[in-house]
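Here's the structure, in structure tokens; my notes come after.
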Amino acid sequence: MERLILKVTTKILFAPIILFALYVQFHGDYGPGGGFQAGVIFAVAFILHAFCFGLDETKKALPQKALIVAMVIGLMFYAGTGVATMLLGGNLLGYDAIDPASTHHAGQHYGILLVEWGVGVTVASTMLTIFYHFTGREPDIDQEDW
Amino acid sequence: MIIASQIAVLPIITPLILAPITLLLPKGRASWAWATLVSWLTFAACSFVLKEVAQTGVISYHLGDWAPPLGIEYRIDLANALVLFLVSGIAAVVFPFAYRSVQLEIDERQTPYFYGALLICLTGLLGVTVTGDAFNVFVFLEISSLSTYALIAMGARRDRRALTAAFNYLVMGTIGATFFVIGIGLLYQATGTLNMADLHDRLVGQDNRMVQAGFAFIVVGIGLKLAMFPLHLWLPNAYTYAPSAVTAFLAATATKVAVYVLIRFFYSIFGFDFAFMNAAFTYVLLPLGIAGMFVASLVAIFQEDVKRMLAYSSVAQIGYMLLGLSFASAAGLTATLVHMFNHALMKGALFMAVACVVFRCGSHSVQAFAGLSKRMPYTTWAFILSGLSLIGVPLTVGFISKWYLLQAAFDAGHWYAGFLIVASSLIALIYIGRIAELMLLREPASEGKYVIAAKDAPLSMLIPMWALVAANIYFGVRTELTAGLAEQAAATLMAFAGGGA
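Line by line, the protein sequences are chains A and B. For the first sequence, our numbering assigns the number 54 to the initial residue and increments by one for each residue that follows. For the second sequence, our numbering assigns the number 20 to the initial residue and increments by one for each residue that follows.
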């Protein structure tokens, strides 16, 4: 088997990178971190996978089409949270409307959690889309692809 | 009632939340239909906002329930309500128009991305208009600019030069945005706030180097975005090689929104107390406006490409808007606002007519227009009527613009500027007349590559185009909406800026 050490190392690292991404994602409320950073770290796991196993293998695990859906869902999550707070009687992204009775701003926590989740999903899928396009680029673009 | 209290944010949130869905829809007709529906909903929301502002006055909306100046505030007075109405109205006309044109010019696989990007661009432009927060302006400006770069690059299927045009615009636009954000950074350093009204309060009496540098950075940055002569170099190529529908949309909206931002920064943030602003009016906007009017118009005469000709004409028209601004009077501001609105109507219609010609002849070269009246009479007359409007013939919106500009020029004591306005309108007569002569009097080519099908453009293109032409004439006869509202808006802005009327 070729490059055995690299492959095994990548497999070992893959899950902790994702876990770290999730940590940064959910820790964003209280400390440094948040959706942007988490999304990039999440994407890094797959970029490492592509470096080691080849782009085709990564695309099998996470196809381009799924990424587009993820981008849309992420943005809709963000905007949807805003609209939900509007429907609950607050202003756009007025998170207090989620849990108005709370004395310790529980609504703010839920709201930012949902929004950051949307950001994270969008950033991760966008990063990977850019990566797919750069690495998957053919030497010259087919005339039909314009 | 939820809608009534949330009205200020509807023009932004409607296209923003509905645009991504375009990407998931099937290619071609479905994504187009969805985008068109969204543009109409947005237009409805913006019309509602305009009506509301005209009746009840300024709307202030606090995003996330955070009160300004800490939170982001959306603040809509008559000036931005008018721009909102204009931009969304143009979008509502361009989207239905785009279908056939896009079918021809853009790979069908890319249509969901195309319509999605166009909707995001619309969101950005509306966001710039609606916000009362200086940094938020930058964010929305970038949202609209980034999607614009992609949209222009999509013209590459017809002409690869679209790629360099888009890249040039990307470089110039990014420099502009950087300058703008540096300027905002300096103002933030000087005042500690980003809210426009708060900035205005805190800048009173401040006339130090930092504020002056911030002002200069902002003027140059926005100058790049609005293609102020001589910062217009990105514009002709970008307009020429972008897909036809994109050109029609951008020419009618993007630069107008940038002019609005300039007005907003001048009048709502700096105000007349800021001595530097008067210097900018006299020594920057006035000479550059006049230079743009003449140089760009003269260059337009010699273009062999109608799209490029109209692009240079746009630079010249921006010269008029800057000239109106430079008078530093309520009349001048009214003239700028009116011309902003009216120029969008005429340039939108003109670029749509060119799009129709491209649709049938596959070219926007001057030769393609020879003898057009015999083959495509409706397109020809749409072009000629909106061309007359561009020149400033009575009964069209162009006349109203020029009238207000002349009045403002004489009121301000710049009688020579009045003559220059008339003189540069005559240059517009030359370049529009040249195309009109080609269309009406020449025989159509009987051989060669400009032979055209003896058919006019499809109805789905003719109806939106003629809707804009009709608007050119309607608002040229009935001026309550445009000039009336612009006058009120200008009076409010002037009063806030602390200038005499």
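For each residue, glycine too, the CB sits at the ideal point set by N, CA and C. Since this is a predicted model, take the numbers as computed values, not measurements.
- CA-CA distance, Gly171 of chain A to Phe388 of chain B, rounds to 50 Å.
- For Cys375 of chain B, the CB contacts under 6 Å within the same chain, skipping 5 residues up- and downstream, are Thr398, Ala476, Met480 in chain order.
- In the three-state reduction of the DSSP assignment, His383 of chain B falls in the coil class.
- The alpha helix (DSSP H) runs lying completely inside the segment 368-419 of chain B and spanning 4 residues or more are 391-394, 396-410, given in chain order.
- When rounded, the separation of the alpha-carbon atoms in Ala246 of chain B and Gly240 of chain B is 10 Å.
- In the structure shown, Arg179 of chain B adopts coil according to DSSP, grouped into three states.
- Thr150 of chain B is bridged by DSSP to B:Tyr93.
- Nearest Cα to Tyr163 of chain A within the set A:Gly147, A:Ala119, A:Thr175: A:Gly147.
- Rounded to the nearest angstrom, the gap between the Cα atoms of Ala363 of chain B and Ala232 of chain B is 32 Å.
- His219 of chain B: member of the alpha helix (DSSP H) spanning 215-222, first to last residue.
- Taking one beta carbon from each stretch, the segment 101-118 of chain B and the segment 65-73 of chain B have 3 or more pairs nearer than 8 Å; the two touch.
- By the criterion of a C-beta distance shorter than 6 Å, Ser408 of chain B is surrounded in its chain by Met365, Thr415, Val416, Gly417, Asn491, once the five residues flanking it on both sides are discounted.
- Taking the Cβ atoms as the reference, Ala354 of chain B lies roughly 7 Å from Ser420 of chain B, within the contact range of under 8 Å.
- In the DSSP annotation of this structure, the continuous segment of the alpha helix (DSSP H) that includes Ile36 of chain B starts and ends at 29-37.
- Of all residues in the segment 138-164 of chain A, those with a C-beta nearer than 9 Å to a C-beta of chain B are Thr138, Met139, Leu140, Gly142, Gly143, Asn144, Leu145, Leu146, Gly147, Tyr148, Asp149, Ala150, Gly164, reading in chain order.
- Within chain A, no residue has its beta carbon less than 9 Å from that of Leu103 of chain B; the closest one is some 16 Å off.
- Spatial neighbours of Leu391 of chain B in its own chain (CB-CB distance under 6 Å, excluding positions within 5 residues in sequence) are listed in chain order as Thr399, Met458.
- Listed in chain order, the alpha helix (DSSP H) runs fully inside the segment 82-129 of chain A are 88-106, 108-114, counting runs of at least 4 residues.
- Assignment of Ser79 of chain B by DSSP, reduced to helix, strand and coil, places it in the strand class.
- Only those residues of the segment 117-135 of chain A whose C-beta falls short of 8 Å from the nearest C-beta of chain B are listed: Ile121, Val122, Met124, Val125, Leu128, Met129, Ala132, Gly133, Gly135.
- At a Cβ-Cβ threshold of 8 Å, Thr61 of chain B and Thr41 of chain B do not count as neighbours.
- In this structure, the beta-carbon distance from Gly290 of chain B to Gly151 of chain B does not fall below 8 Å.
- Straight-line spacing of the CA atoms in Tyr279 of chain B and His433 of chain B works out to 23 Å.
- Proximity of the segment 173-191 of chain B to the segment 252-264 of chain B meets the contact definition, three or more beta-carbon pairs being nearer than 8 Å.
- Around the beta carbon of Tyr450 of chain B, 16 or more other beta carbons sit within 10 angstroms, so the residue counts as buried.
- Tyr80, His81, Leu82, Gly83, Asp84: these are the residues of the segment 69-87 of chain B whose beta carbon lies less than 7 Å from some beta carbon of chain A, given in chain order.
- Note that the segment 176-190 of chain A touches the segment 82-95 of chain A; at least 3 beta-carbon pairs, one per stretch, sit closer than 8 Å.
- Ranking A:Val168, A:His186, A:Leu108 by CA distance to the CA of Gly135 of chain A puts A:Val168 first.
- Under the Cβ distance rule, Leu439 of chain B does not count among the residues neighbouring chain A, no pair being separated by less than 8 Å.
- Take Met139 of chain A, set aside five residues on each side of it, and the residues of its chain with a beta-carbon closer than 6 Å to its own are Leu145, in chain order.
- By the Cβ rule, the segment 256-276 of chain B counts as touching the segment 323-330 of chain B, because three or more pairs are nearer than 8 Å.
- Spatial neighbours of Ser316 of chain B in its own chain (CB-CB distance under 8 Å, excluding positions within 5 residues in sequence) are listed in chain order as Tyr331, Ser332, Ala335, Ser443, Ile446, Ala447, Tyr450.
- When the alpha-carbon of Ala257 of chain B is set against those of B:Ile282, B:Leu213, B:Ala175, B:Leu206, the nearest one is in B:Ala175.
- Annotated three-state conformation of Asp324 of chain B is strand, per DSSP.
- Straight-line spacing of the CA atoms in Leu160 of chain B and Phe154 of chain B works out to 10 Å.
- Sequence-distant Cβ neighbours of Thr498 of chain B in its own chain, meaning closer than 7 Å and more than five residues away, are Ile419.
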